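Report on the following structure.
Residue numbers (full-length UniProt numbering): 1 to 120.
Structure below.
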């Protein structure tokens, strides 16, 4: 029992330290791109994608969807709302662009990371 407690306390402390360091290290889009090891070609594609009108629409609809989700009661289903449908269509469009561009997983993460940073 003591051993389990020590492991839990130790892992909790190290998780907090890692979390703090991670937050300090990666606090901007550029840091994420650098941290994910994305090639120069893919960086250019990520920047191009995030400048598309579809991307701007996606970030706007993402914000509306999240606001609607927060305002719903627990018994209401978010998937039956107009905001969810609009968000899902925009997400599908962005995902199609990423698939067509043939981006790596890291570059795709950078695209969505920028979307979520822009909506704040």
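Note that the Cβ used here is the ideal one computed from N, Cα and C, for glycine as well. It should be emphasised that the depicted structure is a prediction, and the values quoted were computed from it without experimental measurement.
Host alpha helix (DSSP H) of residue i (start-end)
{"i": "residue 77", "result": "Run containing residue 77: none; DSSP gives neither H nor E here."}
{"i": "residue 97", "result": "82-101"}
{"i": "residue 49", "result": "40-50"}
{"i": "residue 71", "result": "53-71"}
{"i": "residue 118", "result": "105-118"}
Exposure of residue i, with buried meaning 16 or more beta-carbon neighbours within 10 Å
{"i": "residue 108", "result": "buried"}
{"i": "residue 88", "result": "exposed"}
{"i": "residue 98", "result": "buried"}
{"i": "residue 24", "result": "Bear in mind that a pLDDT of 47 at residue 24, under 50, signals an unreliable position, so the model cannot answer this."}
{"i": "residue 117", "result": "exposed"}
Residue i vs residue j beta-carbon contact at 8 Å
{"i": "residue 83", "j": "residue 114", "result": "no"}
{"i": "residue 138", "j": "residue 70", "result": "Look at the range of the chain in this structure, 1 to 120, and you will see that residue 138 is not part of it."}
{"i": "residue 37", "j": "residue 103", "result": "no"}
{"i": "residue 105", "j": "residue 49", "result": "no"}
Contact belief for residue i with residue j at Cβ below 8 Å, rounded distance in angstroms
{"i": "residue 45", "j": "residue 86", "result": "Wrong, their Cβ atoms sit about 25 Å apart, outside the cutoff."}
Below-8 Å beta-carbon distance, residue i vs any chain B residue
{"i": "residue 41", "result": "Of the protein chains in the structure, only one exists, and it is not chain B."}
For the 8 Å Cβ check, are there 3 or more pairs between the stretch 40-55 and the stretch 88-104? The stretch 40-55 vs the stretch 88-104: in contact.
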